[in-house]
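Enquirer: Numbering (our numbering), first residue to last: 130 to 286. C-beta: ideal position from N, C-alpha, C; glycine also. Structure incoming, see below.
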């Protein structure tokens, strides 16, 4: 990381510590929004997204991690696929992961229906479609979510 980027990161940290130490400022909506902006853009940020509803909008920080809850439980779903911009990235049948094209930086948790993507990049943004199928292989549901990104204060580019 360059010295300039280290200075920016240091500024972010000092600003966050200042906000955290001043309860009166945190109580105001304006400062809370600024605080949330900095937190959402800080290196290593992990965000959570409820993607169980069609049309959900999720946000992540570049270089960070996003946990997308796709469903409540996978126990009653025979097969499901997650597509990103129409390309299949996750294929699960009978609780077995058949394929995960981004396995090097993602993991799926069947116990709670959460898909985690780490080291987010701009190419991860877009439309994600969850397709579910019944035991006969017929489509039982489709839901789409959008994933958006904001830069972080310590971008490593």
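Got a sec, what are the start and stop residues for the beta strand (DSSP E) residue 251 sits in?
Expert: Your numbering for residue 251 matches position 122 in the chain shown. That residue, residue 251, is in no beta strand (DSSP E); it is neither H nor E in DSSP.
Enquirer: First and last residue of the beta strand (DSSP E) that includes residue 225?
Expert: Locating residue 225 in the chain shown gives position 96, counting from the first residue. It spans 225-229 - the beta strand (DSSP E) in which residue 225 sits, taken as one unbroken run.
Enquirer: Shortest alpha-carbon distance to residue 250 belongs to which of 183, 190 and 271?
Expert: Reading the chain shown from its first residue, position 121 is the one you call residue 250. Comparing Cα-Cα distances from residue 250 to each of 183, 190 and 271, the minimum goes to 190.
Enquirer: Quick one: Cα of residue 204 to Cα of residue 230, how far?
Expert: As a first step, residue 204 must be located in the chain shown, where it is residue number 75. As a first step, residue 230 must be located in the chain shown, where it is residue number 101. Taking the straight line from one Cα to the other gives about 23 Å.
Enquirer: Could you pull out every residue in the same chain whose Cβ sits closer than 6 Å to the Cβ of residue 185, ignoring the five residues on either side in sequence?
Expert: Reading the chain shown from its first residue, position 56 is the one you call residue 185. If we look at residue 185 and ignore the five residues flanking it on each side, its Cβ neighbours are 274.
Enquirer: For residue 183, which residues from the same chain have a beta carbon less than 7 Å from its beta carbon, with the 5 sequence-adjacent residues on both sides left out?
Expert: Translated into the one-based positions of the chain shown, residue 183 becomes position 54. Excluding positions up to five away in sequence, the list reads 272 and 273.
Enquirer: Only counting the same chain, and skipping five residues up and downstream in sequence, which positions put a Cβ closer than 6 Å to that of residue 196?
Expert: Residue 196 sits at position 67 when you count from the first residue of the chain shown. Correct list, in chain order: 177, 243 and 245.
Enquirer: Could you tell me the distance, in whole angstroms, from the CA atom of residue 215 to the CA atom of residue 252?
Expert: Taking the chain shown and counting its residues from 1, one reaches residue 215 at position 86. Taking the chain shown and counting its residues from 1, one reaches residue 252 at position 123. Going by the C-alpha atoms only, they are around 14 Å apart.
Enquirer: Put residue 182 into one of helix, strand or coil per three-state DSSP.
Expert: As a first step, residue 182 must be located in the chain shown, where it is residue number 53. Coil.
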